[in-house]
Amino acid sequence: MDYKEGDRIRVEKGGAAYEGVVMPSVTGHIVLKMVSGYNVGIEPDGAEITFLEPKKEMKKVEKQGKVTKDKGLKNVVFISTGGTIASKIDYRSGAVSSQCSADDIVRTIPELDDIANIRGRVVTNILSENMKPQVWTELARAVYEEINNGADGIVIAHGTDTMMYSAAALAFMLDTPVPVVFVGSQRSADRPSSDNVMNAICATKVAVSDIAEVCTVMHESSSDDRCAIHYATRVRKMHTSRRDAFQSINSLPIGFVDYATGKITTESEYNARGETELILKDKIEPECAIVKFTPGAKPEILGHYIDAGYKGIVIEGTGLGHVSTDWVPEIKRATQTNIPIVIASQCLHGRVCDRVYDTGTDMLKAGAIEAEDMLPEVALVKLMCVLGQTSDLSEVQKLIQEKKANEISYCSLE
Numbered sequence: 001m002d003y004k005e006g007d008r009i010r011v012e013k014g015g016a017a018y019e020g021v022v023m024p025s026v027t028g029h030i031v032l033k034m035v036s037g038y039n040v041g042i043e044p045d046g047a048e049i050t051f052l053e054p055k056k057e058m059k060k061v062e063k064q065g066k067v068t069k070d071k072g073l074k075n076v077v078f079i080s081t082g083g084t085i086a087s088k089i090d091y092r093s094g095a096v097s098s099q100c101s102a103d104d105i106v107r108t109i110p111e112l113d114d115i116a117n118i119r120g121r122v123v124t125n126i127l128s129e130n131m132k133p134q135v136w137t138e139l140a141r142a143v144y145e146e147i148n149n150g151a152d153g154i155v156i157a158h159g160t161d162t163m164m165y166s167a168a169a170l171a172f173m174l175d176t177p178v179p180v181v182f183v184g185s186q187r188s189a190d191r192p193s194s195d196n197v198m199n200a201i202c203a204t205k206v207a208v209s210d211i212a213e214v215c216t217v218m219h220e221s222s223s224d225d226r227c228a229i230h231y232a233t234r235v236r237k238m239h240t241s242r243r244d245a246f247q248s249i250n251s252l253p254i255g256f257v258d259y260a261t262g263k264i265t266t267e268s269e270y271n272a273r274g275e276t277e278l279i280l281k282d283k284i285e286p287e288c289a290i291v292k293f294t295p296g297a298k299p300e301i302l303g304h305y306i307d308a309g310y311k312g313i314v315i316e317g318t319g320l321g322h323v324s325t326d327w328v329p330e331i332k333r334a335t336q337t338n339i340p341i342v343i344a345s346q347c348l349h350g351r352v353c354d355r356v357y358d359t360g361t362d363m364l365k366a367g368a369i370e371a372e373d374m375l376p377e378v379a380l381v382k383l384m385c386v387l388g389q390t391s392d393l394s395e396v397q398k399l400i401q402e403k404k405a406n407e408i409s410y411c412s413l414e
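Numbering-wise, UniProt numbering puts 27 at position 27 of the sequence shown, and it's gapless, one number per residue.
Structure follows, in structure tokens:
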């Protein structure tokens, strides 16, 4: 019996029966994506195959626009950039690909209609490993435009792998009077353990709240109990696949959203709705890099970036932020040619201090800038944004070490 990818079939063999959608196969086996979300491979010899009726397609909305309109609810724009939360199985390749728009997401989560008037907007539709600084600028401009046009809150659907970079970028590029909430999912919607519904609902709850911060909202634990609200500049993905992968570093979360009740409790200070004037600073310098120092690493590694014309460099140094002595001349060469060198730590917790050992003091004399307790990737994004404003080294140092979006704390947590 002929069948093709995407067909829904039932396969009976050896007293067992399997139902699902036909996936691509390179081995000659029948590969089915079952309702459970898992795949099964079946040797076709001796198998009995029955075609099942195709699932009814959801009625498609002809164009993007409002999904609901209730005068008693706030207006939230759901911006899609792609990622797992906006993904499903591509039956041509057998892989998860980014295919759903923002409107697709809100149509499949009807609970959102009870929280806000939702409108979708697509900025891009990519998996987050394909994100680039230029897209951050497009995203920041889109958010600015929507808030300027009256949106009461923004939810940004984004892939989890680089969400912390994009969230930090918008935190530095935007002063916002309303919540701007990044959300993603670790597991695509066609998996039974998907976290997309809970995360999206909790993110929308934050978008209509009083928390006027750029933040991320993701599962707080592996259970479906509550989501954590993280400062955009303090969050890091700490696990490849767990649903509670996102955690605040060097900071408490802003708060939590209880999934069952929708109640928000807060742990940290935040800007309240309407307190901040809407400002966009969308100039950015993308030609910046992170260089990781390792034992025995040659200073020519740093020299490569200097000679290649990079405009700014973050060095991820050792515990307190050190590199070996033979790197110091290259740091000095960079700063003398107006290339700022920012020093972060390989340690996630704690702060850089280059005043303890002589190598550190030599680095400071050579012009290195301490990143305080910023995460290396946040320091990189901040450097890009700062260099979009100025190339004066003394001004760069001032802005890097000045708290802008909760990325720095002047008193370290124990």
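Here a beta-carbon is modelled for each residue, glycine too, at the ideal position from N, C-alpha and C.
This structure is a prediction, so every number in the text was calculated from the model and none was measured.
What's the C-alpha gap between residue i and residue j?
{"i": "A405", "j": "V155", "result": "18 Å"}
{"i": "R134", "j": "I30", "result": "Note that residue 134 corresponds to Gln in the displayed sequence, not to Arg. So the two alpha carbons sit approximately 42 Å from each other."}
{"i": "R351", "j": "M34", "result": "48 Å"}
{"i": "K292", "j": "V323", "result": "10 Å"}
{"i": "M163", "j": "G184", "result": "8 Å"}
{"i": "A368", "j": "G319", "result": "16 Å"}
{"i": "V342", "j": "E370", "result": "6 Å"}
{"i": "Q336", "j": "D161", "result": "35 Å"}
{"i": "D225", "j": "Y259", "result": "6 Å"}
{"i": "Y144", "j": "F182", "result": "15 Å"}
{"i": "C215", "j": "W136", "result": "15 Å"}
{"i": "V180", "j": "C411", "result": "27 Å"}
{"i": "L32", "j": "R8", "result": "9 Å"}
{"i": "K71", "j": "T240", "result": "41 Å"}
{"i": "K205", "j": "T108", "result": "17 Å"}
{"i": "I147", "j": "A207", "result": "12 Å"}
{"i": "G14", "j": "S194", "result": "31 Å"}
{"i": "G274", "j": "H304", "result": "46 Å"}
DSSP on residue i, reduced to helix/strand/coil?
{"i": "G20", "result": "strand"}
{"i": "K365", "result": "helix"}
{"i": "A116", "result": "coil"}
{"i": "Y165", "result": "helix"}
{"i": "T160", "result": "coil"}
{"i": "R141", "result": "helix"}
{"i": "G15", "result": "coil"}
{"i": "E57", "result": "Unreliable placement is indicated for E57, whose pLDDT of 45 sits below 50; the coordinate value is still reported in the next sentence. It is coil, neither helix nor strand."}
{"i": "R273", "result": "coil"}
{"i": "C288", "result": "strand"}
{"i": "D307", "result": "helix"}
{"i": "F172", "result": "helix"}
{"i": "E370", "result": "strand"}
{"i": "A228", "result": "strand"}
{"i": "I109", "result": "coil"}
{"i": "residue 418", "result": "With the chain running from 1 to 414 in the structure shown, residue 418 is simply not present."}
{"i": "R92", "result": "Residue placement at R92 is flagged as unreliable, the pLDDT there being 44, under the threshold of 50; the coordinate-derived value follows with that caveat. Three-state result, R92: coil."}
{"i": "A405", "result": "coil"}
{"i": "T204", "result": "helix"}
In chain order, what residues of the same chain have a beta carbon less than 7 Å from the beta carbon of residue i, not counting five sequence neighbours either side?
{"i": "V106", "result": "V67, F78, L112, I118 and G120"}
{"i": "H349", "result": "I249 and N250"}
Can you round the beta-carbon distance between residue i and residue j to whole angstroms, since I take them to be within the 8 Å contact cut?
{"i": "L375", "j": "R236", "result": "6 Å"}
{"i": "S80", "j": "N125", "result": "7 Å"}
{"i": "E287", "j": "I306", "result": "About 12 Å separates the two Cβ atoms, so there is no contact after all."}
{"i": "E213", "j": "I264", "result": "Not confirmed; about 13 Å, so no contact."}
{"i": "K74", "j": "A116", "result": "5 Å"}
{"i": "residue 441", "j": "D152", "result": "An answer regarding residue 441 cannot be provided, because it is not within the stretch 1 to 414 covered by the chain."}
{"i": "D354", "j": "G321", "result": "5 Å"}
{"i": "N196", "j": "M218", "result": "Incorrect: roughly 11 Å between the Cβ atoms, too far for contact."}
With a CB to CB cut of under 6 Å and the five nearest residues on each side skipped, what residues in its chain are close to residue i?
{"i": "S221", "result": "D244"}
{"i": "A168", "result": "A232, T233, V378 and V381"}
{"i": "residue 433", "result": "The question about residue 433 has no answer, for the chain in this structure spans 1 to 414."}
{"i": "A228", "result": "E220, P253 and F256"}
{"i": "G65", "result": "Interpretation of G65 is limited by its pLDDT of 44, a score under 50 that renders its predicted location unreliable; the figure taken from the coordinates is listed afterwards. Here the set comprises nothing."}
{"i": "P299", "result": "D326, W327 and E330"}
When the cut-off is 7 Å and only beta carbons count, does residue i lie next to chain B?
{"i": "T81", "result": "Annotation note: the requested chain B is absent from the structure, which comprises a single protein chain."}
Alpha carbons only, please: which of the options is nearest the one belonging to residue i?
{"i": "T294", "options": "G153, S345 and K263", "result": "S345"}
{"i": "V21", "options": "V11, G15, G28 and R355", "result": "V11"}
{"i": "T359", "options": "C347, K332 and V328", "result": "V328"}
{"i": "I313", "options": "D2, L393 and A207", "result": "L393"}
{"i": "D373", "options": "I408, D362 and R242", "result": "I408"}
{"i": "L127", "options": "G159, A200, A151 and E146", "result": "G159"}
{"i": "A16", "options": "T27, T276 and A47", "result": "A47"}
{"i": "M131", "options": "A157, I115 and I315", "result": "A157"}
{"i": "D2", "options": "K281, S25, E269 and F51", "result": "F51"}
{"i": "V26", "options": "S166, G14, A334 and I42", "result": "I42"}
{"i": "D210", "options": "I201, P177, H304 and M198", "result": "P177"}
{"i": "A171", "options": "I279, T261 and V208", "result": "I279"}
{"i": "D326", "options": "C347, K4, A308 and A366", "result": "A366"}
{"i": "E129", "options": "V122, D114, P110 and S166", "result": "S166"}
{"i": "K281", "options": "A289, M173, Y18 and Q401", "result": "M173"}
Using a Cβ-Cβ cutoff of less than 8 Å, which residues in the same chain neighbour residue i once the five nearest sequence positions on both sides are dropped?
{"i": "T390", "result": "V396 and L399"}
{"i": "I301", "result": "V291"}
{"i": "S93", "result": "Low per-residue confidence applies at S93: pLDDT is 47, beneath 50, and the placement is therefore not dependable, though the value from the model is reported in the following sentence. Here the set comprises P24."}
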